[in-house]
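Okay, so the sequence shown: first residue is 6 according to the working numbering, each after it adds one. For each residue, glycine too, the CB sits at the ideal point set by N, CA and C. Heads up, the thing below is written out as structure tokens.
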Amino acid sequence: MADAATTPLLTSHEAKPAKALSIDDAIETYIGATGARQLLTAMLLAFAWAFEAQQVFMSVFTDAEPTWHCTGVAAGDPGSFCSLAAASASASACALPPGTWEWDRPAETSVVSEWALKCGGGGPALVSLPASSFFAGNLAGGFLLTTLADTLLGRRKMLVLSLVTMSVAGVLTVFSPNVWVYAALRFLVGKWWRNTVSVAAFVFFSVGFMSLPALAYTLREASWRNMYVWTSLPSLCYAVLLYFLVQESPRWLLVRGRKQEAIAALRQIASLNGGEGITTSSFTKLETCAGEVGDGVAGGEGMFSTLRSICERRWALRRLAAITTATFGVGVVYYGMPLSVGSLSSDLYLSVAYNAAAELPSSVLSWLLMGRFNRRSSLVALTAASGLCSLACVVIPDPEAGAGGSHLRLAAELASFFASCAAYDVLLMYSIELFPTSVRNSAVGLVRQAGVLGGVVAPMLVALGRERSYWSFGVFGLTVGCLGLFVTFLPETKGRRLSDTMEDEEEAAAVLSGG
């Protein structure tokens, strides 16, 4: 997805002298149309999202609460306390006498059973700690590392460093002696991950998500540590591949004043597109680009500069508050639903695979909605649908109360997750249209961080909901349904021209309001 609508380049006869050429437009004149090799390079970069998806939803399997069964005399007595507890979906084995029950699979298949997180007195807070730590690290990294990527390291080095650190932290997770070290390493994995938005990235995110249940099923009798080994080592190899095959962003090099390196990068991209490359003398066109110093207008301000600019204007602050609140609600469901499938009494591997498969059609739905309907109505409908389907998971009887209970609850969970996926996509595209170019990149980043904050909260609700579903599915439904209504406070942007500066946006808003 692009941050702004692009306009065709004008010839020298058609150009309007009042409008200075931007760096982005000037770069496009040098590199020409996108060629097959450049497209392959872009796809290679987008593949990073597959590894992100694996890390985001890894805890669905590594932190799952295993099923258990009665042993000894209790197993043969249907009226025993253990047998009665086993027949109840909400009962916990922790209250049973030692030796009357055991896990269905080896204890090392999950951190919950290996470290006795549920029965060791830690409760839901300890069970949810690793997953929440990952999202907390993601949240911290989004704020702290964005500035580092924009100023010191650049896009290429930041991506490679993030992948290497994530991979090393993933491998070190294998040696975690307890849940505290495990949670700290999960925080580190999340902190060093930084997203890059593109259309192909959504596809690869789904591919990475779908690879998890297949890998987890293959390793179902092995230690949870194997999951981290088999996902971390490939991403480490991928990082090495990126370092040698992908060049730094020419735009970042230009705005940082590193002109010779930018020319070299532009030559390489032009050669990928079958062009003749560019010479140093032809760089004069880039010298005439106006207003792009540092991260400039086209690139947007830094995260903290953006916050300052937005806080100085009530209309911008109101927009940011409304859309981040709605995104937080959607994020709770988006990250929480896949973590909750273990409490649906359905096959865990198939359930996660169904959730992963829902990502792609939801992106298509969001694209159709953006083209045909206005933003606010689409989001209210999607969040309401997600909330109602989530609440349905609470009221649908447990499997023992009805033969089709597990299938109906899974269908409702999938529908809720599907709607939240589509809502997430629409919210990100909506945020692009709500803010002018000068603050757009950072504003969209803040919106994404609001969704990640929902991911920090979701694991705790999932842990609470393993015994009482209203703590997970019930709270999910109320949160996304109620917070989704905040989009009604936002202006409609369908068909509107994107503004470049805060002043342009204020003028456009005044025209629409008749002021």
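Identity of the residues DSSP links to residue i by a beta bridge
i, result
"E107", "H74"
Three-state secondary structure (DSSP) of residue i
i, result
"L344", "helix"
"K162", "helix"
"A295", "Residue confidence for A295 is low, a pLDDT of 40 falling below 50, so the modelled location carries little weight; the figure read from the coordinates is stated next. Residue state, collapsed to three classes: coil."
"S254", "coil"
"S391", "helix"
"R471", "coil"
"D430", "helix"
"N379", "coil"
"F180", "coil"
"W229", "coil"
"L224", "coil"
"D509", "helix"
"C124", "coil"
"A244", "helix"
"T498", "coil"
"M215", "helix"
"M465", "helix"
"S425", "helix"
"A269", "helix"
"E317", "coil"
"S351", "coil"
"A130", "helix"
"S115", "coil"
"M171", "helix"
"L503", "coil"
"L49", "helix"
"L5", "Coverage of the chain is limited to positions 6 through 520, which leaves residue 5 absent and any answer about it impossible."
"F309", "helix"
"I437", "helix"
"I401", "coil"
"R323", "helix"
"F148", "helix"
"R263", "coil"
Check whether residue i and residue j have beta carbons under 8 Å apart
i, j, result
"E57", "F210", "yes"
"F62", "P343", "yes"
"A426", "E364", "Here the sequence assigns Cys to residue 426, which means Ala is not the residue at that position. Result yes, Cβ atoms of C426 and E364 sit closer than 8 Å."
"L490", "G336", "no"
"A523", "S64", "Look at the range of the chain in this structure, 6 to 520, and you will see that residue 523 is not part of it."
"A463", "G341", "yes"
"L349", "L415", "yes"
"V492", "I328", "yes"
"V184", "L131", "yes"
"T332", "L432", "yes"
"S356", "P441", "no"
"M163", "A362", "no"
"P218", "A358", "yes"
"A424", "L387", "yes"
"F422", "A221", "no"
"A188", "S228", "no"
"V444", "T311", "yes"
"V5", "L144", "The chain is shown from 6 up to 520; residue 5 falls before or after that span and cannot be answered."
"E212", "V338", "This sequence places Val at residue 212; Glu is not what is there. No; because the gap between Cβ atoms is not below 8 Å, this pair is not in contact."
"M507", "R318", "yes"
beta-carbon residue i near the ligand FAD non-hydrogen atom, thresh 7 Å
i, result
"V194", "Although the ligand FAD was asked about, the structure shown includes no ligands whatsoever."
Contacts around residue i, its chain only, beta-carbon distance under 8 Å, and the 5 residues preceding and following it disregarded
i, result
"A69", "S115, V117, G347 and L353"
"L238", "S172 and V176"
"A408", "Note that A408 scores 46 on pLDDT, short of 50, meaning its location in the model is unreliable; the coordinates nonetheless yield the value given after this. So the list is empty, once near-sequence residues are dropped."
Chain-order list of residues whose beta-carbon lies under 6 Å from that of residue i (same chain, five-residue window excluded)
i, result
"S345", "V467 and S477"
"G520", "Since pLDDT at G520 reaches only 47, below the 50 mark, its modelled position is unreliable, and the value read off the structure follows with that caveat. Around G520: no qualifying Cβ."
"T236", "Q59"
"L247", "V165"
"R521", "Shown here, the chain extends from 6 to 520; a query on residue 521 therefore has no answer."
"R482", "According to the sequence displayed, residue 482 carries Gly and not Arg. Excluding sequence neighbours, G482 sits near G392, S395 and L396."
"Q252", "A270 and Q273"
Neighbourhood of residue i by C-beta distance below 7 Å, restricted to the same chain and skipping five residues each side
i, result
"A417", "C394, A397, C398 and I401"
"V480", "L466"
"S240", "F56, L168, M171 and S172"
"A112", "S118 and E119"
"V194", "Q60, F139, G142, M171, A174 and G175"
"S474", "S348, C398 and V399"
"P129", "M465, A468 and L469"
Next on the checklist: Assess contact between the segment 434-454 and the segment 101-109, defined as three or more Cβ pairs (one per stretch) separated by less than 8 Å. Is contact present?
Outcome noted: no
Checklist entry - Does the count of Cβ pairs from the segment 449-458 and the segment 364-379 closer than 8 Å reach three? => result no
Checklist entry - Does the count of Cβ pairs from the segment 456-470 and the segment 378-394 closer than 8 Å reach three? => result no
Next on the checklist: Pairs of beta-carbons, one from the segment 47-62 and one from the segment 168-188, closer than 8 Å: are there three or more?
Outcome noted: yes
Item to check | Three CB pairs or more closer than 8 Å across the segment 230-245 and the segment 375-389 | outcome: no
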